[in-house]
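Numbering (the working numbering), first residue to last: 4 to 288.
Heads up, the beta-carbon is just placed ideally off N, CA and C, and yes, glycines get one too.
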């Protein structure tokens with residue numbers, strides 16, 4: 004598929020799960036395709052990074068469910084900060100562990116997972132819809148019932164994939180992308196390189212094959228598709244580009260220029276061509 008093929012499968016108001024972690028291995032070519040579309044009122048579920056910030060800045064998000072929203076080297080995603088502080092999006096904030104349990108409950112097809120995470124914390128204060136349950140056993144322990152995340156479509160980015168939909172990560176962490184793929188009703192996966200199925204073990208062991216074709220509905224080959232986030236070992240984070248992006252949150256004119264220069268391009272190929280043509284080879288211009 005192409006990025007635009009994937010976006011054609013989405014609709015207003017959908018709950019979209021986005022894999023990756025902060026500013027690491029985000030499916031950015033797919034996020035930019037959403038930005039080029041007319042999609043709106045989305046509910047985004049993410050261990051958030053620039054995916055969340057960009058979609059908020061462009062006014063595509065109605066609701067967010069997240070464990071954090073960070074650019075890693077920049078601790079708080081600045082466009083998300085604006086959206087949160089101005090109240091332009093509804094927010095459902097979990098700690099990282101409770102967020103994981105929401106994904107896990109969805110993958111196991113149970114309505115919730117019980118946990119002690121959140122007891123005595125503001126996670127319950129700021130999520131008044133969260134409920135507690137009492138253990139049915141003799142201990143009678145009170146626990147938080149983290150609800151299963153109901154995700155319509157998940158978007159993930161892998162280092163390698165085959166045409167059948169098997170995905171492979173080669174970096175240091177899977178970032179729960181397997182849970183995003185299993186939790187959603189449908190999953191679309193972009194990858195750095197499409198390879199033959201028999202070649203998937205040439206760069207990594209069987210333990211790196213964590214996205215089975217059973218859980219994918221389409222594959223997009225997108226070299227550099229996670230830029231400007233890191234996608235190790237293929238490439239690191241483009242820190243210069245990220246700093247320029249982050250600075251646009253303080254300057255509406257800079258945001259308009261960034262949008263015109265990098266987000267309104269008609270395709271990922273055009274985006275890559277513009278990156279290759281940067282005069283200084285580092286700073287986004």
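DSSP on residue i, reduced to helix/strand/coil?
i           : result
residue 274 : helix
residue 140 : coil
residue 198 : coil
residue 6   : helix
residue 117 : strand
residue 32  : helix
residue 37  : helix
residue 61  : coil
residue 185 : helix
residue 42  : coil
residue 17  : coil
residue 53  : helix
residue 122 : coil
residue 67  : strand
residue 173 : coil
residue 127 : helix
Output the distance between the C-alpha atoms of residue i and residue j, rounded to the nearest integer angstrom.
i           : j           : result
residue 214 : residue 180 : 8 Å
residue 158 : residue 26  : 15 Å
residue 54  : residue 108 : 24 Å
residue 286 : residue 221 : With a pLDDT of only 45 at residue 286, under 50, the local geometry of the prediction cannot be trusted, and the value read off the model is given with reservation. Each residue's Cα considered, the two are about 33 Å apart.
residue 62  : residue 230 : 21 Å
residue 16  : residue 64  : 9 Å
residue 38  : residue 135 : 38 Å
residue 96  : residue 106 : 14 Å
residue 176 : residue 205 : 18 Å
residue 18  : residue 263 : 27 Å
residue 71  : residue 93  : 14 Å
residue 46  : residue 11  : 17 Å
residue 111 : residue 186 : 8 Å
residue 156 : residue 23  : 15 Å
residue 79  : residue 140 : 42 Å
residue 257 : residue 250 : 8 Å
residue 247 : residue 234 : 19 Å
residue 20  : residue 51  : 10 Å
residue 99  : residue 276 : 37 Å
residue 86  : residue 59  : 6 Å
residue 82  : residue 212 : 34 Å
residue 289 : residue 267 : Missing from the structure shown is residue 289; the chain here goes from 4 to 288 and no further.
residue 116 : residue 31  : 30 Å
residue 90  : residue 127 : 19 Å
residue 138 : residue 49  : 29 Å
residue 14  : residue 192 : 18 Å
residue 57  : residue 41  : 14 Å
residue 188 : residue 66  : 19 Å
residue 203 : residue 104 : 30 Å
residue 280 : residue 129 : 46 Å
residue 178 : residue 154 : 17 Å
residue 259 : residue 265 : 10 Å
residue 184 : residue 255 : 36 Å
Among the options, which residue has its Cα nearest to the Cα of residue i?
i           : options            : result
residue 225 : 89, 36, 250        : 36
residue 152 : 137, 177, 69, 7    : 69
residue 113 : 150, 80, 32, 102   : 150
residue 270 : 14, 29, 34         : 34
residue 161 : 28, 82, 137        : 28
residue 190 : 218, 266, 201      : 218
residue 4   : 227, 260, 223, 272 : 223
residue 227 : 138, 89, 128, 272  : 272
residue 182 : 6, 132, 254, 102   : 102
residue 73  : 274, 232, 7        : 232
residue 174 : 67, 208, 76        : 208
residue 197 : 184, 210, 172, 178 : 172
residue 210 : 170, 259, 9, 88    : 170
residue 244 : 201, 200, 178, 77  : 77
**Report entry** Meets three-Cβ-pair contact criterion under 8 Å: the stretch 238 to 247 and the stretch 164 to 181
**Finding:** The stretch 238 to 247, when compared against the stretch 164 to 181, does not touch it at the 8 Å Cβ threshold.
Query - Inter-stretch contact at 8 Å, needing at least 3 Cβ pairs: the stretch 115 to 131 / the stretch 143 to 160 - result: Counting Cβ pairs under 8 Å, three or more are found: they touch.
Query - Runs of beta strand (DSSP E) wholly within the stretch 75 to 108 (minimum 3 residues, chain order) - result: Runs of the beta strand (DSSP E) lying entirely within the stretch 75 to 108 and spanning at least 3 residues, in chain order: 93 to 96.
Query - Unbroken stretches of the beta strand (DSSP E), 3 residues or longer, contained in the stretch 203 to 283 - result: As far as the stretch 203 to 283 is concerned, its whole beta strand (DSSP E) runs of at least 3 residues are 221 to 224.
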